[in-house]
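Structure (structure tokens):
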């Protein structure tokens, strides 16, 4: 009997068949030209890759890389055994504790920045924490990026936008980080590039990808298909088609700048078809898809991306709790390198909630504590203490307990004692207040000279610089 193929090999072979026979639609003239120039067959904007071509380009990408923060203690390694939680991303609305909903604003965006900046579970800040509805769409990415620069010193998640915005953001980044070559040598940001399932990479995302890769900034390729709607209802078929989408974008990135860091991601999940088609982001199917995508990332020698602390609940309730714990625990268990939406997401990634952010911080801390390896050595075996306490003594007053009881996990919110019915909300409000006060005590951000440089560059777009002055004051 022949050797049994691994499940990863079977998915790979199916993806190769898809790429060679069905192809991946590339809805971008410049991207098509690059593919053709590198020997890829393209017909009617559909690119067809051979397995040999795919491996040739994928092998040029690194297994891990570093995103450099302005404060070096927040430099982020993506790949290997590193698991990096990243906060809420892509939501349009703000929900409150009672379930009320309103459009997000720039003030909300900056509060998210401040809370993430002071929360120790994160080394990455920014991105589209919430879409600010009070900012013109054509300059929203510029405003969010400026807010990131002026309110954070952590590694940056890039707020993808229109082609012109991306160009100006990269120009400004080069100006304040020592030039384009310095930016290439030490990448400062990472961007999410979503594919459009089934089997399509669209013009806007490809424009972002090509510009970012030209500057050597890492990109995350990631489908977010719905099983049974925009990808096959079966896990295997969806994994194969999603893999084909990822690999097409990864190959293009390596053609533009060989060695550019890329991340292999799959954020796909079930389509809930009861009363309409809903993106069930917190379903068990989503955890299975993301978990196995980590295997595929390792198969190709690439870092992985998934999600965590996700819920389909429309407000904070028991469902929001158990779904958030399920998705976050799964991502950490599978060793996903870049765990997005892990902090504040509500209602199938439609809304961000400040109270939910604090709850998710607690979930992240608890999962990290639960999965931490047990340290076994002479001190932790504590045999002398065991002998001294014997059969009738107590450890409450022992020297070992007195010296080390602070090592035991203590939650920031909630309670392990009897409290009145409002204790949880009160502890959450206190945690938010503490984070914001801590932020105001030291307010990180770039200096006035760099702020002026960024404003001058962004003004080229016709943007009202007064909006940036308002961000300075927030």
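Residue numbers (the numbering used here): 361 to 834.
Cβ atoms here follow ideal geometry from the backbone N, Cα and C, with glycine treated the same way.
Would you identify the three-state DSSP class for residue 629, choosing helix, strand or coil?
-> In the chain shown, residue 629 corresponds to position 269, counting from 1. Strand at residue 629.
When the Cα of residue 368 is compared with those of 819, 657, 741, which residue comes out closest?
-> As a first step, residue 368 is located in the chain shown; it is residue number 8 there, counting from the start. Ranking 819, 657, 741 by Cα distance to residue 368 puts 657 first.
Could you check what DSSP says for residue 713 in three-state terms: helix, strand or coil?
-> Here the question's residue 713 lines up with position 353 in the chain shown. If DSSP states are grouped into helix, strand and coil, residue 713 belongs with the strands.
Can you tell which of 404, 460, 381 has its C-alpha closest to the C-alpha of residue 715?
-> Here residue 715 is taken as the residue at index 355 of the chain shown, counted from 1. The shortest Cα separation from residue 715 among 404, 460, 381 belongs to 460.
Going by other Cβ atoms of all chains shown within 10 Å of its Cβ, with 16 needed for buried, is residue 748 buried or exposed?
-> The sequence position of residue 748 within the chain shown is 388, counting from 1. Residue 748 should be labelled exposed.
Would you mind reading off the limits of the alpha helix (DSSP H) that contains residue 526?
-> Translated into the one-based positions of the chain shown, residue 526 becomes position 166. Element bounds for residue 526: 523-536.
Taking just the CA atoms, how far does residue 801 sit from residue 615?
-> Reading the chain shown from its first residue, position 255 is the one you call residue 615. Reading the chain shown from its first residue, position 441 is the one you call residue 801. If you take the alpha carbons of residue 615 and residue 801, they lie about 46 Å apart.
How many Å lie between residue 757 and residue 766 at the Cα?
-> On the chain shown, residue 757 is found 397 positions in, with the first residue counted as 1. On the chain shown, residue 766 is found 406 positions in, with the first residue counted as 1. Straight across, the Cα-Cα distance linking residue 757 with residue 766 is about 14 Å.
List the endpoints of the continuous beta strand (DSSP E) containing residue 402.
-> Along the chain shown, read from residue 1 onward, the residue named residue 402 stands at position 42. Residues 401-403.
So is the beta-carbon of residue 441 under 6 Å away from any non-hydrogen atom of the ligand HEM?
-> This structure does not include the ligand HEM; it has no bound ligands of any sort.
Measure the CB-CB distance between residue 400 and residue 604 and report whether it falls below 7 Å.
-> Your numbering for residue 400 matches position 40 in the chain shown. Your numbering for residue 604 matches position 244 in the chain shown. In this structure, residue 604 does not lie closer than 7 Å to residue 400 by Cβ.
In chain order, what residues of the same chain have a beta carbon less than 6 Å from the beta carbon of residue 843, not counting five sequence neighbours either side?
-> With the chain covering 361 to 834 only, the question about residue 843 has no answer from this structure.
Starting from residue 424 and walking both ways along the alpha helix (DSSP H), at which residues does that stretch end?
-> Position 64 of the chain shown, counting from 1, holds the residue named residue 424. Under the DSSP assignment, residue 424 falls outside any alpha helix (DSSP H), being part of the beta strand (DSSP E) whose first and last residues are 424-427.
Is the region 483-502 touching the region 782-790 in the sense that three or more CB pairs, one from each, lie closer than 8 Å?
-> no
May I ask you to list the residues that DSSP assigns as paired with residue 408?
-> Against the chain shown, residue 408 aligns to sequence position 48. Beta-bridge pairing links residue 408 to 401.
Does the region 769-781 touch the region 700-712, meaning 3 or more C-beta pairs lie closer than 8 Å?
-> Verdict: no, contact absent.
Tell me whether residue 552 sits in a helix, a strand or coil according to DSSP, three-state version.
-> Position 192 of the chain shown, counted from the first residue, corresponds to residue 552. If DSSP states are grouped into helix, strand and coil, residue 552 belongs with the strands.
Residue 568 lies in the alpha helix (DSSP H); which residues open and close that run?
-> As a working note, residue 568 is residue 208 in the chain shown. Start and end: 563-574.
Burial state of residue 594 (16 or more Cβ within 10 Å) | As a working mapping, residue 594 is identified with position 234 in the chain shown. Its Cβ having fewer than 16 others within 10 Å, residue 594 is exposed.
Would the beta-carbon of residue 698 fall within 7 Å of that of residue 731?
-> Working through the chain shown from its first residue, we reach residue 698 at position 338. Working through the chain shown from its first residue, we reach residue 731 at position 371. For the 7 Å CB-CB criterion, residue 698 and residue 731 do not form a contact.
When DSSP labels each residue in this structure, what does residue 659 get in the three-state scheme?
-> Taking the chain shown and counting its residues from 1, the one referred to as residue 659 is at position 299. Note: residue 659 maps to helix in three-state DSSP.
Hey, could you find the ends of the beta strand (DSSP E) residue 665 is sitting in?
-> Along the chain shown, one-based indexing puts residue 665 at 305. Taken as a continuous stretch (DSSP letters only), the beta strand (DSSP E) holding residue 665 covers 664-667.
Out of curiosity, what's the CA-to-CA distance linking residue 788 and residue 482?
-> Within the chain shown, the letter at position 428 stands for residue 788. Within the chain shown, the letter at position 122 stands for residue 482. Cα to Cα, residue 788 sits roughly 18 Å from residue 482.
Going by other Cβ atoms of all chains shown within 10 Å of its Cβ, with 16 needed for buried, is residue 462 buried or exposed?
-> Counted from its first residue, the chain shown places residue 462 at position 102. Within 10 angstroms of the beta-carbon of residue 462 lie fewer than 16 other beta-carbons, which makes it exposed.
Per the contact definition of three or more C-beta pairs closer than 8 Å, is the region 418-438 in contact with the region 645-652?
-> no
Assigned secondary structure, residue 444 (DSSP; H/G/I helix, E/B strand, else coil) = Here residue 444 corresponds to residue number 84 of the chain shown, with the count starting at 1. Three-state result, residue 444: strand.
Candidates 432, 643, 465, of which the one nearest residue 484 by Cα = By 1-based counting over the chain shown, the position of residue 484 is 124. Nearest of 432, 643, 465 to residue 484, Cα basis: 432.
From what residue to what residue does the alpha helix (DSSP H) around residue 832 run?
-> For this step, residue 832 is matched to residue 472 along the chain shown. 825-833 is the span of the alpha helix (DSSP H), which, as asked, contains residue 832.
So what does residue 386 bridge to, in DSSP terms?
-> The residue labelled residue 386 in the question sits at position 26 within the chain shown. Paired residues: 561.
Going straight from the alpha carbon of residue 654 to that of residue 754, what length do you get?
-> Reading the chain shown from its first residue, position 294 is the one you call residue 654. Reading the chain shown from its first residue, position 394 is the one you call residue 754. The alpha-carbon atoms of residue 654 and residue 754 are separated by roughly 46 Å.
Nearest CA to the CA of residue 546: which residue from 793, 708, 515, 500?
-> Here the question's residue 546 lines up with position 186 in the chain shown. Considering only alpha carbons, the answer is 515.
From the DSSP output, read off the bridge partner residues of residue 623.
-> The residue you call residue 623 lines up with position 263 of the chain shown. Bridge partners of residue 623: 580.
Is it a yes or a no for the region 565-583 touching the region 548-555, going by three-plus beta-carbon pairs under 8 Å?
-> yes
Below 8 Å CB to CB, which residues in the same chain sit around residue 528 once its five sequence neighbours on both sides are set aside?
-> Translated into the one-based positions of the chain shown, residue 528 becomes position 168. Excluding residues within five positions, the ones whose Cβ falls inside 8 Å are 502, 817, 818, 820, 821.
Where does residue 453 sit, in a helix, a strand or coil, going by DSSP?
-> Numbered from 1 along the chain shown, position 93 holds the residue referred to as residue 453. Residue 453 falls in the strand class under three-state DSSP.
Residue range of the alpha helix (DSSP H) that includes residue 818 = Translated into the one-based positions of the chain shown, residue 818 becomes position 458. Start and end: 808-818.
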